[in-house]
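Numbering (full-length UniProt numbering), first residue to last: 1 to 341.
Below is one structure, written out as structure tokens; comments come after it.
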């Protein structure tokens, strides 16, 4: 009797050599491949690059579904070709998560504008041009620091904290790892942010959350259930002490969904907030990504006993690394997809 036929793929970027090898043990998803194997679900690698997009498409069309891990920009290339291919595959009846349309709705910084009036939102605005920025930013900075974010990116690229220090003096801190704080006039701010408006791009302007030094919590979800947490005490925009350089970002420490520190957030997400988010964005429950995460900072609250969480980002395109506790939930979700198809 031959080996069981794979029914699902895990897609992740790689070169020709990596695709020819297609070795699950050599990928960063080795533990997930193992979890599927233990559950009796045959899953194969789908190593992707634009250079062999047609080859990957043919592979996916013979399967029941694919889980996709691919950043918005990978090796200098956008997801444009990949997303078009995934939409064709999905139209042919193959299950795709996260679906490109779902990513557009919830996996860009525009989600912060769409949900600014919900319990986890805050003072947030869309900025469509450098001319609009010139008019609006000084007025908002007069009320306190702001965080400007390119509408789609990853790893802190295109995320800037800006604070006014004097009449025409500003402090700028890029969230990309290794960046240092800069100081200068408004013209320097405009120079740094202008590239994000090129070719029709835009930014999202969000109020700075002064409790950021208390840490950032990342909730990992499988569909509408929390599958784990990640806590980072020092992140890329952690403010420097007077006269000292800003501390380097610390590690994100992972824990399971039962972590007692974050049960209030878990109850809010599972009890109300995921439904609110999906409803606001027009995403059906069966289109929620198999794996996604949401970053929260502590916000100001009129009731300190209740606390408050402020959403600062949702990641959908390439959620990795993540807590090992999520693997079992991912497998369970895919088994449900297979049972329903």
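Cβ coordinates follow ideal geometry from the N, Cα and C atoms, glycine included.
Would you report the Cα separation of residue i and residue j, rounded to the nearest angstrom?
i: residue 105; j: residue 47; result: 25 Å
i: residue 100; j: residue 76; result: 19 Å
i: residue 271; j: residue 182; result: 42 Å
i: residue 122; j: residue 165; result: 23 Å
i: residue 195; j: residue 202; result: 10 Å
i: residue 214; j: residue 140; result: 24 Å
i: residue 57; j: residue 83; result: 11 Å
i: residue 209; j: residue 72; result: 26 Å
i: residue 278; j: residue 26; result: 35 Å
Anyone know if the C-beta pair for residue i and residue j falls short of 9 Å?
i: residue 227; j: residue 326; result: yes
i: residue 133; j: residue 190; result: yes
i: residue 289; j: residue 331; result: no
i: residue 130; j: residue 193; result: yes
i: residue 115; j: residue 280; result: yes
i: residue 237; j: residue 298; result: no
i: residue 146; j: residue 87; result: no
i: residue 177; j: residue 247; result: no
i: residue 375; j: residue 8; result: The question about residue 375 has no answer here: the residues shown for the chain are numbered 1 through 341.
i: residue 109; j: residue 313; result: yes
Secondary structure at residue i, three-state DSSP: helix, strand or coil?
i: residue 269; result: helix
i: residue 322; result: coil
i: residue 332; result: helix
i: residue 31; result: helix
i: residue 1; result: Caution applies to residue 1, whose pLDDT of 41 falls short of 50 and renders its modelled position unreliable; the model cannot decide the point.
i: residue 205; result: strand
i: residue 143; result: coil
i: residue 172; result: strand
i: residue 283; result: coil
i: residue 19; result: helix
Whole-angstrom Cβ separation of residue i and residue j, contact assumed at under 8 Å?
i: residue 217; j: residue 329; result: About 18 Å separates the two Cβ atoms, so there is no contact after all.
i: residue 66; j: residue 94; result: 7 Å
Which residue or residues does DSSP assign as beta-bridge partners of residue i?
i: residue 314; result: 294
i: residue 45; result: 10
i: residue 161; result: 147 and 173
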